[in-house]
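Residue numbers (the numbering used here), protein chains in the order written: chain A, 2 to 346; chain B, 3 to 504; chain C, 143 to 491.
Below is one structure; the comments refer to it alone.
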């Protein structure tokens with residue numbers, strides 16, 4: 002069952018995290034110090050929030066590659082407003098508003114016009130990035146209001162990053178949303194079998210639009226964290242390699258790119274893992290470019306392994322005997338293959 | 003007397019899907035230069051035979067001989083290499099390419115330098131097209147071609163690849179009378195050319211016109227193979243259908259009340275037209291007809307899945323606009339789809355999740371899931387319908403076909419509908435489950451539910467229905483009371499034969 | 143065959159829609175040229191158009207490969223990074239081996255690009271990694287490689303041999319040499335797509351991959367070929383880059399993939415595969431480069447270009463889907479009218 006396999010994957014992630022931890026420790030004993038451990042995730046929290054947003058879209062069976070661009074565009078709006086004298090908290094609200102709006106555009110194009118989400122978000126990826134360029138005009142904006150910056154970059158008693166609390170808050174909230182609410186159940190249902198969901202009276206269109214809006218909203222929160230942590234923004238923020246990192250986190254977290262499965266815990270763990278790996282590579286003085294290469298390799302490996310596991314899972318189900326029902330256990334795939342050649346209506 | 007072996011011979015072919023036997027002991031021969039018709043009701047096994055011939059599935063028993071030699075047709079490509087080509091109602095084409103390119107796809111004739119020989123392709127395709135007397139040329143984009151033309155395109159493809167056996171599965175279902183005539187003339191010409199043709203159609207009058215030999219299948223069994231001239235239409239129907247009604251279905255007596263659903267002039271352009279009927283409380287109304295008659299399409303439109311171009315619906319006297327499944331459910335109308343795997347179930351999820359899928363809003367106060375309520379609901383239906391599974395948490399994918407169907411039925415019963423449309427509820431299901439489902443249906447009617455039963459199994463329709471509506475070619479052609487409805491009359495109506503021919 | 147009441151048959155509508163895509167871009171190009179010519183004085187000069195031609199040359203060369211990939215319902219996002227990588231490596235080789243003929247350097251660039259493309263192909267075909275993800279990963283990986291290998295170093299004009307620098311400057315018959323080469327590549331690409339059986343297969347694969355498999359087309363090998371070609375041509379594009387700009391740094395080609403994909407998509411190549419032409423992609427390339435050029439002349443900041451490219455892609459995807467859907471509805475309606483007419487005729491008899 003989707004849940005059970007996810008748990009197996011989560012265990013694997015925990016094991017990998019521990020292994021990586023040992024590796025990091027051999028590189029530098031400083032690694033295990035509490036301050037360091039707590040600060041491990043901090044530079045990647047904005048990526049983690051983007052990953053949560055992407056996860057929701059993937060679970061319902063679509064894809065959204067414009068998340069980083071939405072973040073950049075809304076951060077650009079913030080910088081422009083603040084530079085022009087607007088109150089920082091109003092500007093922060095504007096960030097969320099703009100990001101949600103950008104997500105809504107995606108949602109309308111995919112959900113209502115029924116355009117392929119990959120092609121659409123490829124176009125909006127460029128469009129929103131262009132928006133960021135146009136708003137910032139190549140300028141780098143820095144030095145935002147100190148209280149605001151605390152959200153993304155501040156620490157409690159010099160050790161506990163506030164952004165980490167924010168991150169876990171979202172993880173808990175979104176996790177509950179996915180696993181304990183009707184909304185979450187509908188997401189999994191639509192992602193597994195959109196037509197069956199429609200037949201059951203589920204408001205499929207509305208749900209599809211709303212996940213893209215959610216993705217946009219998460220991009221807005223990611224922008225706030227980003228602005229706080231880096232205390233600066235330029236139009237190139239979160240470009241290709243960050244997008245790739247987000248996708249890697251999501252895929253490594255056990256979310257299927259075909260829809261219908263994935264968990265917040267998995268994404269959370271994989272975020273920790275990716276942060277650990279990068280951190281470890283830094284300790285090993287590996288250049289950031291090679292780090293990018295490694296993460297890219299990680300993404301590819303994760304998908305290839307995922308492909309193998311899916312084939313295996315189907316095979317395993319086929320092998321399972323249930324009394325006299327052995328031959329009738331036909332997976333949806335095989336059934337689809339056998340009925341591809343249309344014979345009935 | 004022929005000395006040469008037949009092109010294809012089937013000997014003792016059998017195929018099972020789990021508990022259900024799709025084919026048993028099928029034996030007949032297909033000769034070159036003859037049109038071999040295969041007749042039978044829905045589910046008689048015609049499609050399964052075609053799939054075996056085209057290498058899509060493998061038989062469990064028996065052997066296949068091609069020109070006298072036993073052969074195994076591993077996959078569609080092997081079938082193509084043997085010269086076996088199949089054409090379906092939905093032609094497989096490349097819509098973005100031209101006619102000529104579709105014909106030669108994957109087999110472009112090459113010149114010196116290995117380049118494509120367009121001139122040769124164009125002239126050859128033109129020649130074939132002219133032979134087929136079509137009115138489109140080799141350079142026409144296939145996306146602009148209608149179904150009839152796409153079918154002719156597939157025939158052209160078959161001719162171009164030197165097909166020896168052309169299987170046509172319900173080729174005339176979407177054609178106008180003119181196009182049918184044209185197609186028959188083409189088939190005749192193919193026959194002269196020595197090609198063997200297998201022609202599957204439920205239009206019996208066509209069968210008698212075009213076929214040289216007819217094989218009749220029933221319930222997966224081979225009933226007879228006879229030269230067409232010897233077979234009258236009535237004889238054909240008798241062979242297709244003739245079985246004793248045997249086991250009667252447990253039909254409770256139900257008090258039939260007022261009209262609960264009224265449909266007037268329902269039309270969907272190109273699919274069905276002017277369908278009008280009434281359903282009464284406590285009634286089980288059967289909707290019979292061949293595949294393609296439009297029964298499922300009518301149901302889908304009533305349920306709000308597809309748009310209606312014209313017509314009115316009213317439920318319990320008030321007008322009803324079938325805007326979406328949600329709207330239908332709100333008015334107490336539910337639809338159990340024909341294809342349970344594609345449209346009915348979410349396979350990776352549990353029984354409980356599937357059963358509660360359509361009623362989740364009532365089970366989730368404030369939007370939060372209550373797993374225990376779902377389990378209780380599922381357990382209730384598991385007991386009521388005798389679903390054999392470990393627990394409500396079991397994943398639906400691992401259930402047998404029959405139990406899966408019961409889960410889908412549970413889902414719709416959980417909605418507590420006033421009107422329930424069932425589309426092939428016992429399709430692909432073992433005998434015990436069939437009985438359980440029938441018992442449940444009958445009981446529901448007794449409790450005041452209204453049921454519209456779409457089925458291709460005549461005994462089921464005749465056994466369960468208080469009234470039988472028959473559709474043919476998108477129109478409602480007959481309404482028979484329980485007393486009037488016999489297998490022959492239903493088939494006659496479904497085949498479009500008017501009453502005058504006794 | 144009865145035709146629709148107003149006399150327009152779906153066949154001609156389909157053909158019209160097909161041509162609409164190509165001529166649509168041409169019309170857009172004409173409009174753009176007119177617009178710029180009117181608003182700026184420097185636009186409509188020979189010198190300016192030679193500049194545009196050199197820009198177009200680079201885009202076209204890479205677009206030919208990208209077109210083939212997109213035709214099969216895939217995409218190659220890594221071309222920008224390949225341009226940077228091959229450009230740097232090949233010019234570095236030239237700098238330290240001044241005697242090597244220019245042609246060999248070009249071949250070297252293409253060979254490196256080919257290797258990159260084959261790697262992409264393996265990921266997509268063998269690893270069954272969706273093309274968008276695979277090439278996003280290799281985009282980062284290849285860029286990482288060039289950053290790592292080159293450090294922050296830059297290759298300047300004074301390091302490159304004179305005859306090489308000449309390439310970027312020569313204008314036989316008034317058109318830059320690079321443009322002539324690009325024309326040659328485009329012609330070769332168009333020839334392949336029209337006359338090579340394996341080139342025709344790309345269309346079939348993009349139109350319906352399952353049907354293509356059933357028809358016996360070796361889909362895996364064909365898709366691999368498209369990625370290999372795309373990589374090799376991106377390699378050539380890297381060579382062009384160095385020749386045109388007389389030097390290269392590690393950020394060369396960043397964002398270039400977007401320009402190329404925009405050119406291909408607004409040039410009428412269906413982003414979902416199955417239809418499109420090199421001619422269309424070429425016109426798209428000219429359009430994109432013209433807009434870039436015009437913006438510069440009008441002092442519109444370069445940043446608007448990305449925005450325009452993005453909107454262009456969204457617009458192209460939307461229009462394409464809407465046109466196809468209109469056609470299907472139209473066909474169904476017409477069919478119904480036909481059947482109705484035929485049945486009433488039959489009833490009369």
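For glycine and all other residues, C-beta sits at the position ideal for the given N, C-alpha and C.
Only a predicted model underlies this, so the values are computations on that prediction, with no experimental measurement involved.
- Segment contact: the region 112-132 of chain A against the region 425-434 of chain C, fewer than three CB-CB distances shorter than 8 Å; contact not assigned.
- For residue 345(C), there is no enclosing beta strand (DSSP E); the enclosing alpha helix (DSSP H) covers residues 339-349.
- Interface flag for residue 290(C) against chain A is set, since a Cβ pair is found closer than 8 Å.
- If you compare the alpha carbons of 283(B), 476(B), 12(B), 439(B) with that of residue 469(B), the shortest gap goes to 283(B).
- Of all residues in the region 254-273 of chain A, those with a C-beta nearer than 8 Å to a C-beta of chain B are 261, 262, reading in chain order.
- Straight across, the Cα-Cα distance linking residue 283(C) with residue 106(A) is about 31 Å.
- Two segments are said to touch when three or more pairs of C-beta atoms, one from each, lie closer than 8 Å; by this definition the region 411-425 of chain C does not touch the region 277-292 of chain C.
- Assigned with DSSP and collapsed to three states, residue 277(C) falls in helix.
- If you ignore the 5 residues before and after residue 13(B), its C-beta comes within less than 6 Å of the C-beta of 29, 64, 65, all in its own chain and listed in chain order.
- In the DSSP assignment, residue 280(B) falls within the unbroken beta strand (DSSP E) covering 274-282.
- Along the region 104-133 of chain A, the positions whose C-beta sits under 8 Å from a C-beta of chain C are 110, 114, 115, 116, 117, 119, 120, 121, 123, 124, 125, 126, 127, 128, 129, 130, 131, 132, read in chain order.
- Using beta-carbon distances, residue 435(B) does not count as an interface residue toward chain A, since no partner is under 8 Å.
- With the criterion set as a beta carbon lying under 8 Å from some beta carbon of chain A, the members of the region 362-381 of chain B are 362, 363, 366, 369, 370, 371, in sequence order.
- Under DSSP, residue 261(B) forms a beta bridge with 282(B).
- Contacts between residue 286(A) and chain C, judged by CB atoms closer than 7 Å, are missing: the closest CB pair is about 13 Å apart.
- Looking at the DSSP output, residue 370(B) sits in a beta bridge with 182(A).
- With a cutoff of 8 Å on beta-carbon distance, residue 224(A) and residue 56(A) are scored as not near each other.
- Taken through DSSP and simplified to helix, strand or coil, residue 351(B) comes out as coil.
- Selection 130(B), 106(B), 173(B) evaluated against residue 120(B) yields 106(B) as nearest (Cα-Cα).
- Judged by DSSP in its simplified three-state form, residue 266(B) adopts strand.
- Within chain C, the residues 443, 445 have their CB atoms less than 8 Å from the CB of residue 138(A), given in chain order.
- Residue 476(B) has its alpha-carbon roughly 25 Å from the corresponding atom of residue 430(B).
- Straight-line measurement puts the Cα of residue 34(A) at about 15 Å from the Cα of residue 24(A).
- Counting along the chain, residue 30(B) sits inside the beta strand (DSSP E) bounded by residues 22-32.
- Shown here for residue 73(B): same chain residues with a beta carbon closer than 6 Å to its own, the five before and five after excluded, namely 66 in chain order.
- Non-local beta-carbon contacts of residue 407(B) in its own chain, meaning distances under 6 Å to residues more than five positions away in sequence, involve 342, 431 in chain order.
- In this structure, 183(B) is the residue among 183(B), 197(B), 222(B), 369(B) with its C-alpha nearest to the C-alpha of residue 209(B).
- Of the candidates 438(C), 327(C), 194(C), 235(C), 235(C) places its Cα closest to the Cα of residue 303(C).
- Residues of chain C with a Cβ closer than 8 Å to the Cβ of residue 118(B) are, in chain order, 336, 337, 338, 339, 342.
- Counted as a single uninterrupted DSSP element, the beta strand (DSSP E) harbouring residue 223(B) occupies residues 223-229.
- In summary, the residues of the region 84-112 of chain B whose CB is separated from some CB of chain C by less than 8 Å are 94, 95, 96, 97, 98, 99, 103, 107, 108, 109, 110, 112, in the order they occur in the chain.
- Boundaries around residue 316(B) are those of the beta strand (DSSP E), 312-317, since no alpha helix (DSSP H) includes it.
- Look at residue 179(B) here: in three-state DSSP terms it is helix.
- For residue 91(B), the closest C-alpha among the options 480(B), 331(B), 267(B), 295(B) is that of 295(B).
- When DSSP reads this structure, residue 288(B) sits in a beta bridge with 455(B), 470(B).
- Under the DSSP definition of a beta bridge, residue 13(B) partners with 65(B).
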